[in-house]
Amino acid sequence: MAVFTGSSSAGAEDVGASDRQHPQGRGFAPAGALRPPMGAPPVPEQIAAHVLALISDLATQMIDAAEDARGGGLRGDKLDAMTSGLLSCEPLVTHCFGLTVEYLGSVRLSEAGHVDALMPPLICTALGTEERDVARLAAQFVQAQAEFLGNMRRMRLPFPQLPEPLLALLMNTVRDVAGCDGTADAVERHCRARHDGNSTRLALLDRLEPVCGTASAKQRLELAGAPCFVAHLAALRRIPHAEAAPLLMEEHADDLLAAMQAAGAADETQIRTMLLLHGRWPLALRAA
């Protein structure tokens with residue numbers, strides 16, 4: 029599934045135009061820096077601006093770590109080079125795209141009163157279970173989800189939340205930009221000392237999804253919430269979470285319907301999910 033398609037209806041928040049400043053006060057690349065594949069629809073400004081802000085934030089974190097390692101002197105062109113390098117890393121951009129779609133979808137569903145972005149019913153049930161391991165895992169996820177929502181609202185992506193394969197790609201970009209004077213080694217030591225792949229939000233969600241309710245409950249968006257709903261689809265399709273998240277988008281309504289049908293979701297569940305996300309049935313979208 030290509031990550032360069034989407035709809036501005038994926039969320040209700042206005043994250044600003046392409047020339048908006050990063051929340052830390054530093055500029056980031058215009059939305060046009062995200063180039064869709066030949067023939068693909070353009071990336072919606074709302075989503076593109078958010079993705080670019082996340083990439084810019086990661087670049088800033090790496091430059092800050094590099095400056096600490098060598099006592100300054102890496103601003104300016106190096107920050108631009110780091111941002112450009114990260115934008116050329118397709119798996120990282122795909123990851124940021126998926127997180128953005130999930131976040132904006134969660135916000136829209138919450139603001140519409142459909143399901144709470146932090147404490148959906150399925151998570152509340154897991155928190156109250158007598159199975160201590162499940163309850164503890166649910167509590168850890170709720171804390172991670174609260175931090176995720178806050179960071180995404182500020183358009184930030186702390187590097188410790190990256191899955192291990194993406195952290196390795198991030199370190200490769202640092203080496204390309206920082207050179208071979210030992211700075212990159214120092215940055216990698218800094219990052220790996222602060223990274224625990226088992227405690228990231230997505231790692232917690234991967235462990236929680238199999239023990240958090242029945243399959244039919246996880247297929248009901250109003251019960252599961254966007255994170256667990258997406259995690260369930262990702263597990264069924266054996267794809268990363270961030271690659272399943274675009275199924276929440278209007279352009280992928282038919283793909284989501286096909287995935288739910290393959291998972292054995294009831295007709296009523298399929299209809300309600302489409303109405304919650306898009307307010308209409310995919311057949312109507314095709315006929316429009």
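155 is the number that our numbering gives to position 127 of the sequence shown; each next residue is one higher, with no gaps.
The C-beta atom is built at its ideal place from N, Cα and C for all residues, glycine as well.
Item, Value
"CA-to-CA distance, Val170 to Met147, given in whole angstroms", "7 Å"
"Collapsed DSSP secondary structure at Pro148 in the structure displayed", "coil"
"Whether Arg235 touches Leu195 by CB criterion (9 Å)", "no"
"Ala259 vs Glu237 beta-carbon contact at 9 Å", "yes"
"Burial state of Asp85 (16 or more Cβ within 10 Å)", "buried"
"Inter-residue CB distance, His78 and Met183 (contact presumed, cutoff 8 Å)", "6 Å"
"Alpha-carbon spacing of Ala59 relative to Pro119, whole angstroms", "With a pLDDT of 42 at Ala59, under the threshold of 50, the predicted position of this residue should be treated as unreliable, though the coordinate-derived value follows. Approximately 18 Å between the Cα atoms of the pair."
"Environment of Pro193 [buried if 16+ CB atoms lie within 10 Å]", "exposed"
"Pick from Leu185, Arg300, Thr157 that is closest to Leu80, judged by C-alpha positions", "Leu185"
"From Arg203, Leu150, Gln74, residue whose alpha carbon lies closest to that of Ile91", "Arg203"
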